[in-house]
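Here's the structure we're looking at; comments come further down.
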Amino acid sequence: MKPNVPVEALHTQEMLINMGPQHPSTHGVLRVILRTDGEVVVNARPDVGYLHRGLEKIGERVTYAQFMPFTDRLDYLAAMNCNCAWAWAVENLAGIEVPERAEYIRVIVCELNRISSHLIAFGSFTADMGAFTPFLYSIREREKVNDLFEAACGNRLTYNYARVGGVSADLPQGFLEKTKEFLDYFEPKIDEYNNLISYNKIFVHRLANVAAISADNAVAYGLTGPNLRGSGVSFDLRRDEPYSVYPKLEFDVCVGTGERGVLGDCFDRYMVRINEMRQSVRILRQAVAQIPEGPVLAKVPRVFKPAAGEVYFRSECPRGETGFYIISDGTGNPSRLKIRAGSFVTMNIFETVTRGLMIADIVAVIGSFDIILPEIDR
Amino acid sequence: MEVLARSLISAFPVISGVPLWAVTLLIMVVVAAILLVFFLTFGGLGSYVLRKVAGDIQVRIGPNRVGPYGILQFLADGAKLILKEDIIPAKADRFLFVLAPYLVFIGSFSAFVVVPFGVGLIAADLNIGVYYVMAVTSLVVIGILMAGWASNNKWALLGGMRAVAQIVSYEIPVAMALLPAVLIAGSLSLQDIVRSQGGLVGIFGWNLFHNPFTFFSFFLYLTAGQAETNQTPFDLPEAESELVSGYNVEYSGIRYAFFFLAEFGDMFVVAALASACFLGGWHVPFFRAEALPSLWGNLLSLGAFLAKAFGLVLVMMWVRWTLPRLRVDQLMRMSWKYLVPLTFVNLLGVSLWLLVFKGKGIPQLIASIFTG
Amino acid sequence: MGLREYINDIVEAVVTTVKGMRITARYGIDAREEVTQQYPEERRETDERFRGFLLNDIARCTSCTMCVKVCPVDCISLEAVRGADKKMVLVSYDINIMRCMYCGLCVEVCPPKSLVHTGGYEKALFNRGDFTLHFVHEDAAGIKARVAKQVAEAAAKAAEAAKAAEAAKPEPEKKA
Chain Y
13 MKPNVPVEAL HTQEMLINMG PQHPSTHGVL RVILRTDGEV VVNARPDVGY
63 LHRGLEKIGE RVTYAQFMPF TDRLDYLAAM NCNCAWAWAV ENLAGIEVPE
113 RAEYIRVIVC ELNRISSHLI AFGSFTADMG AFTPFLYSIR EREKVNDLFE
163 AACGNRLTYN YARVGGVSAD LPQGFLEKTK EFLDYFEPKI DEYNNLISYN
213 KIFVHRLANV AAISADNAVA YGLTGPNLRG SGVSFDLRRD EPYSVYPKLE
263 FDVCVGTGER GVLGDCFDRY MVRINEMRQS VRILRQAVAQ IPEGPVLAKV
313 PRVFKPAAGE VYFRSECPRG ETGFYIISDG TGNPSRLKIR AGSFVTMNIF
363 ETVTRGLMIA DIVAVIGSFD IILPEIDR
Chain B
534 MEVLARSLIS AFPVISGVPL WAVTLLIMVV VAAILLVFFL TFGGLGSYVL
584 RKVAGDIQVR IGPNRVGPYG ILQFLADGAK LILKEDIIPA KADRFLFVLA
634 PYLVFIGSFS AFVVVPFGVG LIAADLNIGV YYVMAVTSLV VIGILMAGWA
684 SNNKWALLGG MRAVAQIVSY EIPVAMALLP AVLIAGSLSL QDIVRSQGGL
734 VGIFGWNLFH NPFTFFSFFL YLTAGQAETN QTPFDLPEAE SELVSGYNVE
784 YSGIRYAFFF LAEFGDMFVV AALASACFLG GWHVPFFRAE ALPSLWGNLL
834 SLGAFLAKAF GLVLVMMWVR WTLPRLRVDQ LMRMSWKYLV PLTFVNLLGV
884 SLWLLVFKGK GIPQLIASIF TG
Chain S
493 MGLREYINDI VEAVVTTVKG MRITARYGID AREEVTQQYP EERRETDERF
543 RGFLLNDIAR CTSCTMCVKV CPVDCISLEA VRGADKKMVL VSYDINIMRC
593 MYCGLCVEVC PPKSLVHTGG YEKALFNRGD FTLHFVHEDA AGIKARVAKQ
643 VAEAAAKAAE AAKAAEAAKP EPEKKA
């Protein structure tokens, strides 16, 4: 029986698979267009933009103070970091001096949020790899951090805590004690996670030698944050371009060491995040001990009109460097606002690094980059 | 069955007019119905226990709304699946799409025929028991491949292909890991294998303690069995987070239920075979179940067997919620480079042991020292 | 790979698996580890600073429109008319809680502190329109009519008083 399709027309070489916007492992509405030869990926092109909300355009329409809640929705898992980054950027632009207690409070909430963001990164990454249990443990820890944040600012996800000139309200009674309790409870949990999953042979095998990024490549493609440090480049904005009260705090910069597999692979990026959680605990202990008394909000005019000029401020957020480039024309609204998000720049290297991997590794790569779509799409 | 039919006819003279084959057929249908009910109940309650165990391990409560402690959850799930709309994708191959779940179900359910539930409780004590199970569970492979192909969905196809590669590769360690038990019993029949473990009192008759090679064989069998039933860490074919449920992504309603039940059925078969071949089957420790009158002996041995099998199912669930997933090439590597050679070495070791020690295991040797 | 590596692989796999299984077993057995709150029977106590639905105490509101101006998403709308005593009278005050992003800027900026966050976060309704909360319960036209009447009365009284004062004023030219 003759086939009714000529044999040449049967494409048996490559499959075009759409890892669509709706997928359990793409950490949001990310679309990856995969061309695979069986299980091996020939080309994986990310297609972003499904969550574009025009934040930068909104920035031109609202005032500097009104833009603060929008920064919550920029990287909602590290909302405190984004809030504070915006506040620091505007304060740099207008030359506002922030009271020291406010800076300490900002550092405390930023580091707590770093812990909870890395917990989600850890939990969702292991869930993508098939171990569903550590995700629940990390959520349990995160709930405790959320309780702390609810006591401080009133919300559990979109905090809107920082203000231009300080923070909106002082820490409530008992906050510092509860933070210390949380740190004592949380530090042994990191060892538990390492015992449970981090060094599990199957997990290590899934991540070691996968998508290794050399240090030169990492710098050339503009990677920042744990992705950059996972490749062995010791660069952390908190130490190398210090802002706020970080110069007064002691911490180590966690760098990937190639302990399982090659330097710069997915396992290194994963371990950098686990170790950063430990360092955040260390920073928090110091900050909680050193925090002075004082006001928490500087005097900023009700109708805030900074002088004309431009500023680019970058801060170390859990997902890399979040930078705000603001051009002010002397009015109450920014003239142009550009948000540099760590996840967006990380997607640059995605296509290069996924060549030759298997489909299961694509999931590992996305998880190890710890991207979040609102940051990519803004 | 025929024996049972004859004994029934002699016990109830009123049906002596009915031909033998009719009574035998009736008995077969009844036994099949009983096994089906057990299969479905195990599938349902197994899913409940799975979710409860998952909840316990994951610091949360599992289902607890439907019925006391959520025990009727599986009935609610079953009812929901039955009432769902039957969606067949537009360009799917209808015949294969509809046939696939049945093949998978048959592949899983047919193995229940030779599972030794109790002293006299076995649907058919085939003298090729183990061989039969190996052969019949391979039907699952065809069903899964059909499901993957007929769904007209690339993700399903990938899942189906992975599943075939996986199940076929792990058939070998599964079979080879069961062979030591066969060698010790000298027969492929499962009842013979179970009876051969009844010599010594307590648990020392078990094949698990017979010699170090069978000890390793047990764990090799459990590992390969975990892969056969598509459980994490070998659940690539239905990797939720990668393939969005793999080969059964396009299935809904009762067709999906078939796949789901077949998975639990497979789990039970693996656990049942492991307990029959290595953990003494229906032998009750410190008891001679065969010596009791038929009803009590059957009940007691049934209880012992189910306890062992369910215990192993719990262990499989425990492993499932702990470990991450293997990638497909690592899965293949593990089967061919680790499990197959190890099971070969095991088989060789058991054969040598039986040769050297004339079929006696460590407990028997120790016992023979004491009894002179 | 060499035999040693091979055996190492197997041993490491078994050891790390057993370590992990010990941890999950501990959680599996210990029933006190469950952290689930059985909603809706067990509800979390929201913190006192919790930013739930907004509530405006109309009696204290001065219609200063600070909240309207500061809202980033323009979810508050109010209408006010000047009353007889030169103070603003609130005709309508609506908050669209679907648009509201619960940022708290309006509460922060409210001078008389009449606008507050409540602890409420549960509201499921069937109509989109129901999500606009009205805080002035009197009919808008009625308020406007009432205020207009009061203003007119006050204006009439003021005119009368002015006329009376004009009449009571002595003639400046008569005195020399």
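Residue numbers (this note's numbering), protein chains in the order written: chain Y, 13 to 390; chain B, 534 to 905; chain S, 493 to 668.
Backbone N, C-alpha and C fix where the C-beta goes; we use that ideal spot for every residue, glycine too.
It should be emphasised that the depicted structure is a prediction, and the values quoted were computed from it without experimental measurement.
- Given that F82/Y touches chain S, what residues does it touch there, using C-beta distances under 8 Å? Position 70 of the first sequence, counting from 1, holds the residue named residue 82/Y. The contacting residues are P564.
- Message: Given this structure, state the Cα-to-Cα distance separating T557/B from L537/B, to the nearest angstrom.
- Response: As a first step, residue 557/B must be located in the second sequence, where it is residue number 24. As a first step, residue 537/B must be located in the second sequence, where it is residue number 4. Answer to the nearest angstrom: the Cα atoms are 8 Å apart.
- Item | Cβ-based neighbour list, V639/S, same chain, cut-off 7 Å, excluding 5 preceding and 5 following | Position 147 of the third sequence, counted from the start, is the residue given in the question as residue 639/S. Cβ within range, chain order: V573, G575, V581.
- Task: Assess, as a yes-or-no matter, whether the stretch 152–167 of chain Y is touched by the stretch 266–286 of chain Y under the definition of 3 or more beta carbon pairs within less than 8 Å.
- Result: Verdict: no, contact absent.
- Query: Whose CA, out of P307/Y, F263/Y, R297/Y, V308/Y, lies closest to the CA of N287/Y?
  - Reply: As a first step, residue 287/Y must be located in the first sequence, where it is residue number 275. Closest in alpha carbon position to N287/Y, among P307/Y, F263/Y, R297/Y, V308/Y, is F263/Y.
- Message: Determine, for K687/B, whether the minimum Cβ-Cβ distance to residues of chain Y falls below 8 Å.
- Response: As a working mapping, residue 687/B is identified with position 154 in the second sequence. It does; some Cβ of chain Y falls within 8 Å.
- Message: Please state whether the Cβ-Cβ distance between N686/B and E783/B is less than 8 Å.
- Response: Numbered from its first residue, the second sequence carries residue 686/B at position 153. Numbered from its first residue, the second sequence carries residue 783/B at position 250. Against a cut-off of 8 Å, the Cβ pair of E783/B and N686/B comes out as a contact.
- Message: With distance defined between alpha-carbon atoms, name the residue in L616/B, L583/B, A683/B, L569/B nearest to K624/B.
- Response: Start at 1 with the first residue of the second sequence, and residue 624/B comes out as number 91. Comparing Cα-Cα distances from K624/B to each of L616/B, L583/B, A683/B, L569/B, the minimum goes to A683/B.
- Inter-stretch contact at 8 Å, needing at least 3 Cβ pairs: the stretch 601–615 of chain B / the stretch 638–650 of chain B: no
- Task: Output the distance between the C-alpha atoms of S774/B and T191/Y, rounded to the nearest integer angstrom.
- Result: For the purposes of this step, residue 774/B is taken as the residue at position 241 of the second sequence. For the purposes of this step, residue 191/Y is taken as the residue at position 179 of the first sequence. No answer about S774/B holds up, because its pLDDT of 47 lies below 50 and its placement is not dependable.
- Message: Restricting to Cα atoms, I'd like to know which of D373/Y, A372/Y, D277/Y, T334/Y is closest to W98/Y.
- Response: Against the first sequence, residue 98/Y aligns to sequence position 86. Minimum Cα distance to W98/Y is reached at T334/Y.
- Task: Would you mind stating whether A680/B and N781/B have Cβ atoms separated by less than 8 Å?
- Result: Position 147 of the second sequence, counted from the first residue, corresponds to residue 680/B. Position 248 of the second sequence, counted from the first residue, corresponds to residue 781/B. Yes, these two residues count as a Cβ contact at 8 Å.
- Query: Roughly how many angstroms separate the alpha carbons of P307/Y and Q291/Y, rounded to a whole number?
  - Reply: Within the first sequence, residue 307/Y is the residue found at index 295, counting from 1. Within the first sequence, residue 291/Y is the residue found at index 279, counting from 1. Roughly 28 Å between the two C-alpha positions.
- Item | DSSP-derived helix/strand/coil call for L605/B | If you number the second sequence from 1, residue 605/B lands on position 72. Residue state, collapsed to three classes: coil.
- Item | Chain-ordered chain B contacts of Y258/Y [CB-CB under 8 Å] | Translated into the one-based positions of the first sequence, residue 258/Y becomes position 246. None at all; the shortest Cβ gap to chain B is about 35 Å.
- Item | Start-to-end residues for the alpha helix (DSSP H) that takes in R574/S | Taking the first residue of the third sequence as 1, we reach residue 574/S at position 82. That residue, R574/S, is in no alpha helix (DSSP H); its beta strand (DSSP E) goes 568–574.
- Task: Mind checking the stretch 579–605 of chain B against chain Y and listing, in chain order, the residues whose C-beta falls within less than 8 Å of any C-beta there?
- Result: A587, I590, Q591, V592, R593
- Task: Compute the distance between the beta-carbons of L864/B and L769/B, then report whether it is under 8 Å.
- Result: What you label residue 864/B is simply residue 331 of the second sequence in a count that begins at 1. What you label residue 769/B is simply residue 236 of the second sequence in a count that begins at 1. Result yes, Cβ atoms of L864/B and L769/B sit closer than 8 Å.
- Contact set between I515/S and chain Y, taken where Cβ atoms lie within less than 7 Å: Indexing the third sequence from 1 puts residue 515/S at position 23. Ordered by position in chain Y, the residues that pass the 7 Å Cβ test against I515/S are E204, N207, L208.
- Proximal residues of chain Y, C-beta to C-beta of P766/B below 9 Å: Translated into positions along the second sequence, residue 766/B becomes position 233. Chain Y residues near P766/B: G142, A143, I214.
- Query: So which residues of chain Y does V527/S contact, with C-beta pairs closer than 8 Å?
  - Reply: Position 35 of the third sequence, counted from the first residue, corresponds to residue 527/S. The contacting residues are R152, E155.
- Task: Please name the residues in the stretch 835–868 of chain B whose beta-carbon is closer than 8 Å to at least one beta-carbon of chain Y, in chain order.
- Result: W854, T855, L856, P857, R858, L859, R860, V861, D862, Q863
- Task: State the Cα-Cα distance for the pair A163/Y and R543/S, rounded to the nearest angstrom.
- Result: Working through the first sequence from its first residue, we reach residue 163/Y at position 151. Working through the third sequence from its first residue, we reach residue 543/S at position 51. Between the alpha carbons of A163/Y and R543/S lies a gap of roughly 11 Å.
- Quick one: which unbroken alpha helix (DSSP H) runs of 4-plus residues sit fully inside the stretch 204–244 of chain Y? Chain order, please. 213–219, 227–232, 238–242
- Item | Backbone secondary structure at V673/B - three-state DSSP | Taking the second sequence and counting its residues from 1, one reaches residue 673/B at position 140. V673/B falls in the helix class under three-state DSSP.
- Message: Between which two residues does the alpha helix (DSSP H) holding D586/S run?
- Response: Against the third sequence, residue 586/S aligns to sequence position 94. It is not in any alpha helix (DSSP H) - D586/S instead sits in the beta strand (DSSP E) that spans 580–588.
- Message: Would I29/Y pass as an interface residue toward chain B - the criterion being a Cβ-Cβ separation below 8 Å?
- Response: On the first sequence, residue 29/Y is found 17 positions in, with the first residue counted as 1. Yes, its Cβ sits closer than 8 Å to a Cβ of chain B.
- Could you tell me whether the Cβ atoms of F749/B and N879/B are closer together than 8 Å? Mapped onto the second sequence, residue 749/B falls at position 216. Mapped onto the second sequence, residue 879/B falls at position 346. Yes; because the gap between Cβ atoms is below 8 Å, this pair is in contact.
- Leaving out five residues on either side along the sequence, give the residues of the same chain with a beta carbon under 6 Å from the beta carbon of M13/Y. Numbered from its first residue, the first sequence carries residue 13/Y at position 1. Only weak support exists for where M13/Y lies, its pLDDT of 48 falling under 50; the value from the coordinates is given anyway. For M13/Y, where only same-chain residues beyond five positions count, there are no Cβ hits under 6 Å.
- Task: Would you list the residues sitting across from H130/Y in a DSSP beta bridge?
- Result: If you number the first sequence from 1, residue 130/Y lands on position 118. According to DSSP, which records beta bridges pairwise, H130/Y is partnered with nothing at all.
- Message: Taking the alpha carbon of Y664/B as the reference point, which residue from D610/B, I675/B, S722/B has its own alpha carbon closest?
- Response: Your numbering for residue 664/B matches position 131 in the second sequence. Looking at the Cα atoms, S722/B is the closest of the given residues.
- Message: In the DSSP assignment, the alpha helix (DSSP H) including C329/Y goes from what residue to what residue?
- Response: By one-based count along the first sequence, residue 329/Y stands at place 317. Run containing C329/Y: none in the alpha helix (DSSP H); it sits in the beta strand (DSSP E), 321–329.
- Query: Is the Cβ-Cβ distance between L394/Y and S380/Y less than 8 Å?
  - Reply: As displayed, chain Y neither begins before 13 nor continues past 390, which places residue 394/Y out of reach and without an answer.
- Message: Tell me the DSSP secondary structure of N55/Y in three-state form.
- Response: What you label residue 55/Y is simply residue 43 of the first sequence in a count that begins at 1. Here N55/Y sits in strand by DSSP.
- Message: Within 8 Å of any Cβ in chain Y, is that where the Cβ of Y594/S sits?
- Response: Residue 594/S sits at position 102 when you count from the first residue of the third sequence. Yes, Y594/S lies at the interface with chain Y (some Cβ there is under 8 Å from its Cβ).
- Item | Limits of the unbroken alpha helix (DSSP H) element including L864/B | As a position in the second sequence, residue 864/B is number 331, starting the count at 1. Looking at the DSSP string, the run of the alpha helix (DSSP H) that includes L864/B is 861–866.
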